[in-house]
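S.K.: Okay, so the sequence shown: first residue is -3 according to the working numbering, each after it adds one.
Attaching a single structure in structure tokens format; questions to follow.
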Amino acid sequence: MKPRLISIVIPSYNESNNIELIYNAITNECSDIDYDFEILFINDGSTDDTIKRIKQLESINSNVKYISFTRNFGKEVALLAGFQHVTGEAVIVMDADLQHPCNLIKPFIQGYEEGYHQVIAQRNRKGEKPLRACFSSLYYCLVNKIVDVEIKNGVGDFRLLSRKAVEALLLLNEGNRFSKGLFSWIGLSQKTIYYDNIIRKNGKSKWSLSALLNYGIDGIISFNNRPLRICFYSGAILLLFSLIYIFINFVFIIRNGITEPGYFTLISAVLFLGGIQLLCLGVIGEYIGRIYYETKHRPHYLIQETNINTGENHEDT
Ligand code: UDP
Ligand code: MG
């Protein structure tokens, strides 16, 4: 009988020093588990020798697979490529930087055997800079008020997905992929496992402040058009207030005549309304931008080389 196979997908961007460490950690952890494992590294356009390190592992273990992109397409897209190419009956998603502890693999599989379609790891924010932890909590509070799907603080991509969950994710073909929301959108039975946050040891986090901000906006915009509705309501409320204000002033002027030139009121109204208008235009622009990208129907990524049979011919340059 063919052994049962579990796939592990690892998006890797400039993780040269981590590849061997994560591989060793996984193989140690999995040596006494009753499944076969394939490890699929997605080299997301690394500029260091990440791919060389992966190929070294491939030469000693044929269960090491890789897909190397032509450039950096982002972690979300790397995950998509992983889901499209793995063959296991369940898929574990983890980072290359050892922040996702391998000792959760066994509890993941246990959850899977109990029949859960998503076994999700949730971390606390131990050791994180207080300011970042505070902003994150605020953000999750706000996002959950605005979007339709539930996004939990401390829950990331680190999880096991059953084949059914993976197939469901593959049905969501959008280019702008906010995985946290997509995982939540597909639903299915879920089990949560808690673990302590681990600080990255090698290499740098790829999240700059602006990248985090963009990701945050993606999270809010990707799931519904409620922000557009908020623009509409704030516009309507402002209009109502300005009408009342104009009416009161009009009555005042009729009674007393013009007493003051009213520079201050005028300039504050112009600035305030200008700000609101720009903000609303920005929100509308965000949605139009997304429509623009989606209508291009570009492929999500391009593969430079791989040791998987993808049915396409890839140039090895
Ligand atoms: N990553 C990727 N492409 C990117 C950025 C990150 O494949 O453009 C990978 C990275 O190599 C790591 C994982 O995604 O394995 C998480 O990245 P990072 O550690 O920078 O994020 P953080 O842990 O700070 O959220
Ligand atoms: Mg990390």
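Think of the CB as a built atom: it goes at the ideal place given N, C-alpha and C, for glycine as much as any other residue.
For clarity, every value in this text was computed on a predicted model and none was experimentally measured.
Please determine whether the Cβ atom of Ser12 lies at a distance below 7 Å from any heavy atom of the ligand MG.
M.R.: For the ligand MG, not one heavy atom lies less than 7 Å from the Cβ of Ser12.
S.K.: For Pro7, which residues does DSSP report across the bridge?
M.R.: Paired residue(s): Ile38.
S.K.: What does Ile63 pair with, by DSSP beta-bridge criteria?
M.R.: In the DSSP output, where bridge partners are listed per residue, Ile63 has Ile38 and Thr302.
S.K.: May I have the straight-line CA-CA distance separating Asn10 from Ser64, to the nearest angstrom?
M.R.: Going from the Cα of Asn10 to the Cα of Ser64 covers about 12 Å.
S.K.: For the stretch 23 to 40 against the stretch 132 to 140, do three or more pairs of beta-carbon atoms, one drawn from each stretch, fall closer than 8 Å, so that the two count as touching?
M.R.: Not touching, per the Cβ criterion.
S.K.: Could you tell me the alpha carbon to alpha carbon distance between Leu94 and Thr291, rounded to whole angstroms?
M.R.: Each residue's alpha carbon lies about 37 Å from the other.
S.K.: Taking just the CA atoms, how far does Ile50 sit from Glu16?
M.R.: Taking the straight line from one Cα to the other gives about 8 Å.
S.K.: Could you name the residues, in chain order, whose CB is less than 6 Å away from a heavy atom belonging to the ligand MG?
M.R.: Cβ atoms closer than 6 Å to the ligand MG belong to Asp91, Asp93, Gln95, Arg196 and Ser201.
S.K.: Using 10 angstroms around the beta-carbon of Pro7, count the other beta-carbons present and answer buried if the total reaches 16, otherwise exposed.
M.R.: Looking at its Cβ environment, which holds 16 or more other Cβ atoms inside 10 Å, Pro7 is buried.
S.K.: Does the beta-carbon of Ile116 have 16 or more other beta-carbons within 10 angstroms, so that it is buried, or is it exposed?
M.R.: Buried, by the Cβ-count rule.
S.K.: When you measure from the CB of Asp32 to every non-hydrogen atom of the ligand UDP, does any distance come out below 7 Å?
M.R.: Not so, every heavy atom of the ligand UDP lies at least 7 Å from the Cβ.
S.K.: Output the distance between the C-alpha atoms of Gly199 and Ile18, rounded to the nearest integer angstrom.
M.R.: Looking at the two C-alpha atoms, the distance is approximately 13 Å.
S.K.: Ignore the nearest five residues each way along the sequence and tell me which others in Gln300's own chain have a CB closer than 6 Å to its CB.
M.R.: These residues qualify, in order along the chain: Ser64 and Thr66.
S.K.: Find the nearest neighbour of Ile47 within the set Ser206, Tyr62 and Asn57, judged by alpha-carbon distance.
M.R.: Nearest of Ser206, Tyr62 and Asn57 to Ile47, Cα basis: Tyr62.
S.K.: Look up Ile2 in the DSSP assignment and say whether it is helix, strand or coil.
M.R.: Here Ile2 sits in strand by DSSP.
S.K.: Who are the near neighbours of Tyr108 in its chain, counting only those whose CB is closer than 7 Å to its CB and skipping five residues on each side?
M.R.: The answer, listed in chain order, is Ala86, Val115, Leu156 and Ser158.
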